[in-house]
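*Asks:*
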Amino acid sequence: VVHSGTVYLAGQVGDDMSAGIEQQTRETLVNIERLLDLAGTDKTKLLSVTIYLKDIDADFALMNAVWDKWLPKGVAPARATVQAKLCEPE
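Here full-length UniProt numbering is used: the first residue of the sequence shown is 1, the next is one more, and so on.
(1) From Asp16 to Leu71, what does the alpha carbon distance come to, in whole angstroms?
(2) Which term fits Gly40, buried or exposed, when burial requires 16 or more other beta carbons within 10 angstroms of its beta carbon?
(3) Measuring alpha carbon to alpha carbon, tell me which of Val7, Gln12 and Val2 ends up nearest Leu53.
(4) Could you say which of Thr50, Gln24, Lys85 and Gln23 lies nearest to Tyr8 if we only look at CA atoms?
(5) My output table needs one value for Gln12: the three-state DSSP class, helix, strand or coil.
(6) Secondary structure at Ala78, three-state DSSP: helix, strand or coil?
(7) Using a Cβ-Cβ cutoff of less than 7 Å, which residues in the same chain neighbour Ile26 once the five nearest sequence positions on both sides are dropped?
Next up, the structure:
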């Protein structure tokens, strides 16, 4: 959704839910880049990001390593990473 020149994305996830957190993170970031491109912008203009992890203790470091490699040097949007357990384990 674009409103007043700002692009809003939500609910982006990896394509293969059986993959590990690193692969899911890479897939999610590819999806985000594609959507930003369609909206005429890119990851260098991100303002704020909220990342939800099923198990923050197990997944944060691996997800964060992929995230850090994805962002260009000097780009650091405000970010919150929180745990969000699913009501169903699947």
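Even glycine gets a Cβ: it sits at the ideal position worked out from N, Cα and C.
*Replies:* Taking the structure as given:
(1) 22 Å
(2) exposed
(3) Gln12
(4) Thr50
(5) Coil.
(6) strand
(7) A small fix is needed here, since residue 26 is Arg in this sequence, not Ile. Here the set comprises Val66.
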